[in-house]
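Trainee:
Numbering (mature numbering (1 follows the signal peptide of the UniProt record, and there is no 0)), first residue to last: -27 to -1, 1 to 298.
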């Protein structure tokens, strides 16, 4: 064999080795770009669920000459601070906010892993180009469960990584389901978070002094203001002077409908009628408390003192109730 012939034989061997081992050119894997599930600001005292969506991008490469599709199986575990998949929890210290991630818009199938058939992994078929690479996107649906009214305000988070967030991949998968695919594993990271804010819901009943003929003696009545404020949120209730012409918190006025005649009255924080309920100025009092996430009722005590009886009619006033938290 001449030197010239030996050189051609060596080049032929190198080419043959390259063709026989295409898998060694690039690592075969499907990866997921880091994602975030951001629920934003949420009032825990408002009724109903909170829903968001996010899009994850799946990139596959290294599958040259192995079909036109790779099936990526995104497996998700309980996550940090959690011990279950349904529900998962966002944590702020020792406080936990229940939520979950779903693979369908109806929020009926929880995103889980191949070991839990009732909570399967996300299955994504990624189209592959001529070089064995491609990408696809998948929508994830997040939901915070309503009714968790007693949680305090704060930043609630959960993270997924390592064994809690694994992608398996199979090129040319045919009908193979993600429940049996364990090849080409890689890990990814995912973060979820919500910010529970201080909030108050308020409602009030009317205070009705009833019907009177002569105002020769005092008339008393009461009504209720109901608050539902975020747990641990301090609150203050103040009452305005009312709509009567010339009224002050020291002397509120009921005005005859369709006229200008008035009846003096006032509102108090206590049943002894000694603390005028106002805005905290001019010797008036306010009512304060701390939210529990449940309904809290404050009683408004009203009194019409004995006075000259004006023209008959219906006398009313409008009080603005302000809650500060």
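Glycine included, every Cβ here is placed at the ideal spot set by N, Cα and C.
#1: Measuring alpha carbon to alpha carbon, tell me which of 20, 281 and 98 ends up nearest residue 185.
#2: Hey, would you say residue 176 sits closer than 8 Å to residue 199, going by beta carbons?
#3: Under 8 Å, do residue 4 and residue 161 count as touching if we go by C-beta distance?
#4: Counting C-beta neighbours from all protein chains within 10 Å, is the total for residue 267 16 or more, i.e. buried, or is it exposed?
#5: Could you check the C-alpha separation between residue 257 and residue 9 for me, to the nearest Å?
#6: In chain order, what residues of the same chain have a beta carbon less than 8 Å from the beta carbon of residue 127, not counting five sequence neighbours either side?
#7: Quick one: give me the first and last residue of the beta strand (DSSP E) that residue 14 is part of.
#8: Within 10 Å of its beta-carbon, does residue 293 have 16 or more other beta-carbons around it, so buried, or fewer, so exposed?
#9: Measuring only the C-alpha atoms, how far is residue -6 from residue 131?
#10: Grab the span of the beta strand (DSSP E) containing residue 276 for me, first residue to last.
#11: Measure the Cβ-Cβ separation of residue 250 and residue 241 and say whether it is below 8 Å.
#12: With H, G and I counted as helix, E and B as strand and the rest as coil, what does DSSP make of residue 135?
#13: Kindly indicate which residue of 254, 48 and 11 has the alpha-carbon position closest to the one of residue 153.
#14: By DSSP, does residue 176 sit in helix, in strand, or in coil?
#15: Could you check whether residue 219 and residue 227 sit closer than 8 Å to each other, using their CB atoms as the reference points?
#16: Pull the bridge partners of residue 98 from the DSSP assignment, please.
#17: Taking its Cβ as the centre, do 16 or more other Cβ atoms sit within 10 Å of residue 171, making it buried, or is it exposed?
#18: With H, G and I counted as helix, E and B as strand and the rest as coil, what does DSSP make of residue 130?
#19: With contact counted as at least three CB pairs below 8 Å, one residue from each stretch, are the stretch 136 to 155 and the stretch 115 to 125 in contact?
#20: Identify which residue in 283, 40 and 35 has its Cα closest to the Cα of residue 189.
#21: Quick one: Cα of residue 43 to Cα of residue 110, how far?
#22: If I measure Cβ to Cβ from residue 27 and keep anything under 8 Å in the same chain, skipping five residues before and after, which residues do I get?
#23: Give me the Cα-Cα distance between residue 296 and residue 209, rounded to the nearest whole angstrom.
#24: Report buried or exposed for residue 138, applying the criterion of at least 16 other Cβ atoms within 10 angstroms of its Cβ.
#25: Is the distance from the Cβ of residue 298 to the Cβ of residue 236 below 8 Å?
#26: For residue 294, does the three-state DSSP call read helix, strand or coil?
#27: Using the C-alpha atoms, what's the distance from residue 180 back to residue 291?
#28: May I ask you to list the residues that DSSP assigns as paired with residue 159?
Mentor: Judging by the given coordinates:
#1: The sequence position of residue 185 within the chain shown is 212, counting from 1. Here the closest residue by C-alpha is 281.
#2: Stepping through the chain shown from its first residue, residue 176 is reached at position 203. Stepping through the chain shown from its first residue, residue 199 is reached at position 226. In terms of Cβ geometry, residue 176 and residue 199 form a close pair [threshold 8 Å].
#3: By 1-based counting over the chain shown, the position of residue 4 is 31. By 1-based counting over the chain shown, the position of residue 161 is 188. When the beta-carbon positions are compared, residue 4 and residue 161 come within less than 8 Å of each other.
#4: Sequence index remark: in the chain shown, residue 267 carries index 294 (1-based). Burial call: exposed.
#5: By 1-based counting over the chain shown, the position of residue 257 is 284. By 1-based counting over the chain shown, the position of residue 9 is 36. When rounded, the distance between both Cα atoms is 50 Å.
#6: Locating residue 127 in the chain shown gives position 154, counting from the first residue. The residues are 65, 66, 68, 168 and 169.
#7: Reading the chain shown from its first residue, position 41 is the one you call residue 14. Counting along the chain, the unbroken beta strand (DSSP E) around residue 14 starts and ends at 8 to 15.
#8: Residue 293 sits at position 320 when you count from the first residue of the chain shown. Burial state of residue 293 is exposed, judged by a 10 Å Cβ sphere holding fewer than 16 other Cβ atoms.
#9: Numbered from 1 along the chain shown, position 22 holds the residue referred to as residue -6. Numbered from 1 along the chain shown, position 158 holds the residue referred to as residue 131. Interpretation of residue -6 is limited by its pLDDT of 42, a score under 50 that renders its predicted location unreliable; the figure taken from the coordinates is listed afterwards. Here the C-alpha atom of residue -6 lies approximately 40 Å from the C-alpha atom of residue 131.
#10: Along the chain shown, one-based indexing puts residue 276 at 303. Looking at the DSSP string, the run of the beta strand (DSSP E) that includes residue 276 is 268 to 277.
#11: Taking the first residue of the chain shown as position 1, residue 250 is located at position 277. Taking the first residue of the chain shown as position 1, residue 241 is located at position 268. One thing to note: residue 250 has its Cβ within 8 Å of the Cβ of residue 241.
#12: The residue given as residue 135 occupies position 162 in the chain shown. Helix at residue 135.
#13: Sequence index remark: in the chain shown, residue 153 carries index 180 (1-based). If we check each option's Cα against that of residue 153, 48 comes out closest.
#14: The residue labelled residue 176 in the question sits at position 203 within the chain shown. The answer is strand: DSSP assigns residue 176 an E or B state.
#15: In the chain shown, counting from the first residue as 1, residue 227 sits at position 254. In the chain shown, counting from the first residue as 1, residue 219 sits at position 246. In this structure, residue 219 does not lie closer than 8 Å to residue 227 by Cβ.
#16: Along the chain shown, read from residue 1 onward, the residue named residue 98 stands at position 125. Paired residues: 44.
#17: Here residue 171 refers to the residue found at position 198 of the chain shown. Counting of Cβ neighbours within 10 angstroms places residue 171 among the buried residues, the total reaching 16 or more.
#18: Taking the first residue of the chain shown as position 1, residue 130 is located at position 157. Residue state, collapsed to three classes: strand.
#19: Because the criterion of three Cβ pairs below 8 Å is not met, the stretch 136 to 155 and the stretch 115 to 125 do not touch.
#20: Stepping through the chain shown from its first residue, residue 189 is reached at position 216. The shortest C-alpha separation from residue 189 is found at 283.
#21: Residue 43 sits at position 70 when you count from the first residue of the chain shown. Residue 110 sits at position 137 when you count from the first residue of the chain shown. About 13 Å.
#22: Position 54 of the chain shown holds residue 27. Cβ neighbours of residue 27 beyond the five flanking positions: 8, 9, 10, 11, 112, 113 and 115.
#23: Numbered from 1 along the chain shown, position 323 holds the residue referred to as residue 296. Numbered from 1 along the chain shown, position 236 holds the residue referred to as residue 209. Put simply, the backbone Cα of residue 296 is about 6 Å away from that of residue 209.
#24: Working through the chain shown from its first residue, we reach residue 138 at position 165. The residue in question, residue 138, is buried, as its Cβ has 16 or more Cβ neighbours within 10 Å.
#25: By 1-based counting over the chain shown, the position of residue 298 is 325. By 1-based counting over the chain shown, the position of residue 236 is 263. No, they are not a contact pair.
#26: Here residue 294 corresponds to residue number 321 of the chain shown, with the count starting at 1. Residue state, collapsed to three classes: strand.
#27: Counting from one through the chain shown, the residue named residue 291 turns up at place 318. Counting from one through the chain shown, the residue named residue 180 turns up at place 207. In a straight line, the C-alpha of residue 291 is about 10 Å away from that of residue 180.
#28: Here residue 159 corresponds to residue number 186 of the chain shown, with the count starting at 1. Answer is 140, bridged to residue 159.
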